[in-house]
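Peer 1:
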Amino acid sequence: MLAIIGGTGLTTMAGLDVIKRHSAETPLGAASASVVHGTYEGYDILFLARHGHPYKLPPHRINYRANLWALKQAGATRVVGVNAVGGIDPSLSPGALVVPDQIIDYTVGRECTYFDGRFKPLKHIDFSWPYTSSLCSELLSAGEKAGEILEKGGVYGCTQGPRLETAAEIARMARDGCHLVGMTGMPEASLARELEIDYACLALVVNPAAGVTNREISLTEIDAVISSGIERIKRVIGAMLG
Ligand code: HPA
1 MLAIIGGTGL TTMAGLDVIK RHSAETPLGA ASASVVHGTY EGYDILFLAR HGHPYKLPPH
61 RINYRANLWA LKQAGATRVV GVNAVGGIDP SLSPGALVVP DQIIDYTVGR ECTYFDGRFK
121 PLKHIDFSWP YTSSLCSELL SAGEKAGEIL EKGGVYGCTQ GPRLETAAEI ARMARDGCHL
181 VGMTGMPEAS LARELEIDYA CLALVVNPAA GVTNREISLT EIDAVISSGI ERIKRVIGAM
241 LG
């Protein structure tokens with residue numbers, strides 16, 4: 001079953017007819033919220049609010065391990081993570097929708113594996129291509145069907161937050177090859193891989209990253225881009241199911 005992890009702006013999914021709410025409790029502690037099983041436009045889907053609902057967990061305090069575990073328990077075989085991001089590549093203006101194909105992880109101190117030698121014995125996983133390419137292709141086709149332009153590929157740089165970055169940090173990330181910056185893409189993607197769940201990211205650019213323009217980042221402008229972007233994201237998800 002397809003699951004959506006909703007990020008900032010997508011804490012509930014209007015139009016979802018709830019069939020069942022699964023418990024948020026897992027052997028790894030509580031997930032951000034209960035996993036909602038419902039139908040969207042007549043199709044079965046699971047939904048989880050990454051930052052909790054209504055409580056707003058900061059990116060570094062999200063229990064990513066519990067979230068992915070709860071989704072797997074509820075029957076998720078494929079997960080699309082929806083993320084609001086900053087655009088590092090100047091061609092990615094606010095409103096752009098991107099399906100990235102690579103990740104650089106700049107986070108620190110997050111519980112990032114099930115194979116930690118305590119919960120499960122140590123094991124190394126291959127993560128050369130962090131997103132499931134067939135699921136990325138499905139997203140791109142759904143975008144076409146929904147009449148939305150989705151940018152194919154790009155490197156998602158995941159920072160610790162919750163503060164936004166300095167201009168120098170973004171300049172360094174650009175030199176590293178990052179096109180996008182967000183705070184919640186990792187360890188979500190690698191935990192999905194550890195659980196053998198297909199995973200792709202649908203990123204909505206909500207601001208030019210720090211120093212990309214000569215203006216400070218406006219949180220009010222971000223909110224406006226999120227509200228219009230979420231409707232487009234829901235159209236893409238609908239097209240993916242149908
Ligand atoms: N940086 C990090 N995370 C973000 C940004 C940003 O500029 N915008 C939205 N999420």
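Using full-length UniProt numbering, you'd call the opening residue of the sequence shown number 1 and step up by one each time.
Note that the Cβ used here is the ideal one computed from N, Cα and C, for glycine as well.
Note that the structure is predicted; figures quoted are calculated from it, not measured.
#1: Can you tell me whether DSSP reads alanine 30 as helix, strand or coil?
#2: Restricting to runs no shorter than 3 residues, where is the beta strand (DSSP E) found entirely within the segment 153-208?
#3: Buried or exposed: which applies to valine 108, given that a residue is buried once 16 or more other Cβ atoms fall within 10 Å of its Cβ?
#4: Roughly how many angstroms separate the alpha carbons of arginine 61 and methionine 186, rounded to a whole number?
#5: Looking only at DSSP bridge pairs, what is aspartate 105 linked to?
#6: Is asparagine 207 near the ligand HPA, in the sense that its beta carbon is under 7 Å from a heavy atom of that ligand?
#7: For tyrosine 43, write down the residues that DSSP places opposite it in a beta bridge.
#8: What's the C-alpha gap between isoleucine 45 and alanine 209?
#9: Taking the alpha-carbon positions, what's the leucine 71 to proline 27 distance?
#10: Taking Cβ positions only, does leucine 68 come closer than 8 Å to chain C?
#11: Judging by CA-CA distance, which residue of Ile230, Val99, Tyr40, Gly52 is the nearest neighbour of alanine 203?
#12: Whose C-alpha, out of Asp198, Ile230, Ala239, Gly211, is nearest the C-alpha of glutamate 144?
#13: Quick one: grab the DSSP three-state call for glutamate 151.
#14: Compare the C-alpha of serine 34 against each of Gly117, Tyr40, Trp69 and name the closest.
#15: Taking only heavy atoms of the ligand HPA into account, decide whether any of them is closer than 7 Å to the Cβ of leucine 164.
#16: What are the uninterrupted segments assigned as alpha helix (DSSP H) that are 4 or more residues long and contained completely in the segment 52-131, given in chain order?
#17: Which residue comes first and which comes last in the alpha helix (DSSP H) that contains glycine 229?
#18: Taking C-beta to C-beta, are glycine 81 and glutamate 188 nearer than 8 Å?
#19: Below 6 Å CB to CB, which residues in the same chain sit around lysine 20 once its five sequence neighbours on both sides are set aside?
#20: Compare the beta carbon distance of phenylalanine 115 and glutamate 196 with 8 Å and say whether it is the shorter of the two.
#21: Would you list the residues sitting across from valine 18 in a DSSP beta bridge?
#22: Quick test of your reading: isoleucine 88 and valine 212, contact by CB under 8 Å. State the CB separation rounded to the nearest angstrom.
Peer 2: So, from the data block:
#1: strand
#2: 155-158, 180-182, 198-208
#3: exposed
#4: 12 Å
#5: Cys158
#6: yes
#7: Tyr40
#8: 32 Å
#9: 13 Å
#10: Protein chains in the displayed structure number just one, and chain C is not present.
#11: Val99
#12: Ala239
#13: strand
#14: Trp69
#15: yes
#16: 64-73
#17: 219-241
#18: yes
#19: His37
#20: no
#21: Gly38
#22: 7 Å
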